[in-house]
Amino acid sequence: MKYEALSNHLAPYGQEHLLAFWDELHEQQRSDLAAQIEAVDLEQIESLFKGDSAGPDWTAQSRQATPPIAMRRGAATSATQAVVSPEQARQAGTAALAAGKIGVLLVAGGQGSRLGFEHPKGMYPIGPISGATLLELHLKKVVAIAKKHGQPVPVYLMTSPVTHDEQLAFLEENDRFGLAEDDLVVFCQGTMPAVDEKSGKILLADRDRLFQSPDGHGGMLAALAASGAIDDMRRRGIEQLFYLQVDNPIIPIGDPELIGDHLLAESELTSVAVAKREPQDKLGNFVMLGNQMHVIEYSDFPDDVANQKSTDGSLKFWAGSIAVHLFRVAFLERMLQRKEGLPFHIARKKVSHIDAEGNRVEPSEPNAMKFERFIFDLLPQAKNPLVVEMAEEDWLAPVKNAPGAEKDTAEYVQRFLVDQHRRWLEAAGAKVADGITVEIDPLWAIDEETVHQRVKPGMVLNEPTYLCD
Ligand code: UTP
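Count the sequence shown with my numbering and you get residues 649 to 1117, in order.
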């Protein structure tokens, strides 16, 4: 009976093959498979495959674009910059932290396929001497800023079915690296099936299981609501969220100046940019289309636009996205009221699956379409959007690739961490011998100012040193 109902449900969309192994399944496997099928919006999958909801023609749009409203380092290029000094911004940000209005939104639901690490990426050991994991560094920074400002800073950590259980167990085993139980809210994002890129048929991971993958970092919006995390923010009086991704351990989480820029500009969504070095850098491009802010992916940004120069010879479209944002919680709530969710983007990937005979297929070339939502699709809806330029050496060092790649490997990121810590120590008057590795535990100091308070006059480091309490 169940079989018939399911088959009738699937037939109009040409997806009956999902029941091909029904006769071989136990009762429990059948009901699990049925639940997975019922959870899929077949109409949506069909329309995504057919390209009915294909996005705009970005090449054409790029040619209409103007540079983003931005605060640039050391140059008065916007009305905002003329009225807000860095000192004013720092004061406003510090006051918001001291009033307990800031939360952290950390997304860690991705599969980390490029890195090829056998655990969730957050568990990757990255501390150059300590071997501290990405999650440890992030959470300790939050503990340190909460202590500094005398108010808890809750962390909303997004996982996915792929990363949830292991990360949760890891955090519990390590007492959340000092974060109070109440200050860590873990919520799980949704998933989407993948389809064969030629036929549009949903792929089976096994005889009783659809292939499902996390629905992109933009899945955060729906997951915040479904999990009740957004209600928790309301209850606690959290008004702004500092958003970051688990793979970038260098970021000064809760940077008061950035928070202040966002508050004083009355922005609903402020994003950090670094100045692109080359026109074709692999970073999303912040642009204005009319009075809306957008990110146009580098792959959609035509060379003739990317190569354009300003009168001073610098890149006209200079602002590269590093996936760090500040969200007003009220903005996210407003977005949740809208009927349509964030759009899906299509990624062509290699997906291992079983074929009609039940044989495993391990493709060597992309064979499937995956569907993902992107966080930056919120930007066009934001009132008073703002881009703030930050220095790459203090904001952008993500762990993306396995050893051997040119950039964004663990080794590359560790170099950034060591250089950052060396700069802080030297600015505080310490002498650090050339070429040695230095690392600072976030609980020892989190920025140049706190390092200054801890460095004793005459400090000399001649050998690899991990500074911790
Ligand atoms: P990436 O797009 O770089 O993906 O995610 P990834 O999973 O880290 O790595 P690849 O592409 O499979 O090699 C950037 C950030 O967004 C999070 C990731 O955990 C990472 O922090 N993310 C990505 C999610 O939380 N959910 C997703 O569905 C996708």
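Glycine included, each C-beta is placed from N, C-alpha and C at the ideal position. This one's a predicted model, so the numbers in the text were calculated from it and none came from an experiment.
Asked, Found
"With a cut-off of 8 Å on the beta carbons, I'd call cysteine 836 and alanine 794 a contact; round off their distance for me.", "Contact flag wrong, Cβ pair sits at about 24 Å."
"Which first and last residues belong to the beta strand (DSSP E) in which threonine 707 is found?", "Counting along the chain, threonine 707 falls outside any beta strand (DSSP E), though it belongs to the alpha helix (DSSP H) covering 706-710."
"In or out: glycine 1106 buried (at least 16 other Cβ within 10 Å) or exposed?", "exposed"
"Just list the beta strand (DSSP E) runs in the region 768-806, keeping only unbroken ones of 3 residues or longer that don't cross its boundaries, in chain order.", "none"
"Under a Cβ-count criterion, where at least 16 other Cβ atoms within 10 Å of its own Cβ denotes burial, should serine 710 be classed as buried or exposed?", "buried"
"Compute every distance between the C-beta of valine 755 and the non-hydrogen atoms of the ligand UTP, then say whether any falls below 6 Å.", "yes"
"Are there any heavy atoms of the ligand UTP lying less than 6 Å away from the beta-carbon of proline 862, as far as the coordinates show?", "yes"
"Below 8 Å on the Cβ atoms is my guess for glycine 779 versus proline 773; work out the distance and round it to an integer in Å.", "4 Å"
"Alpha carbon to alpha carbon, how far is arginine 1021 from aspartate 1117?", "41 Å"
"What's the gap between the Cα of aspartate 1082 and the Cα of tyrosine 1060?", "18 Å"
"Looking only at DSSP bridge pairs, what is glutamine 940 linked to?", "Leu937"
"Between the Cα of leucine 974 and those of Val810, Leu1026, Arg884, Glu691, spot the shortest distance and give me the residue it belongs to.", "Leu1026"
"Return the Cβ separation of alanine 853 and histidine 1001 in integer angstroms, given the expectation that the two are a contact with Cβ distance under 8 Å.", "6 Å"
"Quick one: what does DSSP say serine 969 is sitting in, helix, strand or coil?", "strand"
"Nearest by alpha-carbon distance to aspartate 880: which of Leu1065, Val752, Asp844 is it?", "Val752"
"CB of glycine 758 to nearest heavy atom of the ligand UTP: below 6 Å?", "yes"
"So what's arginine 1102 in DSSP terms, helix, strand or just coil?", "helix"
"Under 8 Å, with one C-beta from each stretch per pair, do the region 855-862 and the region 713-722 reach the 3-pair mark?", "no"
"Less than 7 Å between the beta carbons of leucine 851 and valine 977, yes or no?", "no"
"If we count the other Cβ atoms within 10 Å of its Cβ and call it buried at 16 or more, is leucine 984 buried or exposed?", "exposed"
"Sorted by chain position, which residues of the same chain lie with C-beta nearer than 8 Å to proline 599's C-beta, five sequence neighbours on each side aside?", "Residue numbering for the chain in the displayed model covers 649 to 1117; residue 599 lies beyond these limits and cannot be assessed."
"Within its chain, find whatever has a CB closer than 8 Å to the CB of glycine 703; leave out the 5 residues flanking it on each side and keep chain order.", "Pro991, His993"
"Can you list the beta strand (DSSP E) stretches of 3 or more residues lying completely in the region 846-873, in chain order?", "852-854, 860-862"
"With hydrogens ignored, establish whether the beta-carbon of serine 761 is closer than 6 Å to any heavy atom of the ligand UTP.", "yes"
"Can you check whether the CB of tyrosine 946 is closer than 7 Å to the CB of lysine 930?", "yes"
"Does the distance between the C-beta of glutamine 893 and the nearest non-hydrogen atom of the ligand PLP fall short of 6 Å?", "Absence of the ligand PLP from the depicted structure is noted, with the ligand UTP being the only ligands included."
"Check whether the region 738-758 touches the region 1001-1019, taking contact to mean three or more Cβ pairs, one atom from each stretch, closer than 8 Å.", "no"
"Does the beta-carbon distance from alanine 1030 to glutamate 916 come in below 7 Å?", "yes"
"Check whether the region 801-818 and the region 842-849 touch, using three or more Cβ-Cβ pairs below 8 Å as the test.", "no"
"Histidine 865: beta carbon under 6 Å from a heavy atom of the ligand UTP?", "yes"
"Do the CB positions of glycine 754 and valine 803 come within less than 7 Å of each other?", "For clarity, residue 754 is leucine in the given sequence; the question names glycine instead. For leucine 754 and valine 803, yes; Cβs fall inside 7 Å."
"Where does glutamine 888 sit, in a helix, a strand or coil, going by DSSP?", "strand"
"Quick one: what's threonine 714 bridged to in DSSP?", "Met936"
"Relative to the C-alpha of arginine 1063, which candidate in Gly1077, Ala1078, Leu1044 has its C-alpha closest?", "Leu1044"
"Would you mind giving the Cβ-Cβ distance between proline 716 and methionine 1038, rounded to the nearest angstrom? I have them listed as a contact below 8 Å.", "With a Cβ gap of about 14 Å, proline 716 and methionine 1038 do not count as contacting."
"In the DSSP assignment, what are the bridge partners of proline 841?", "Gln860"
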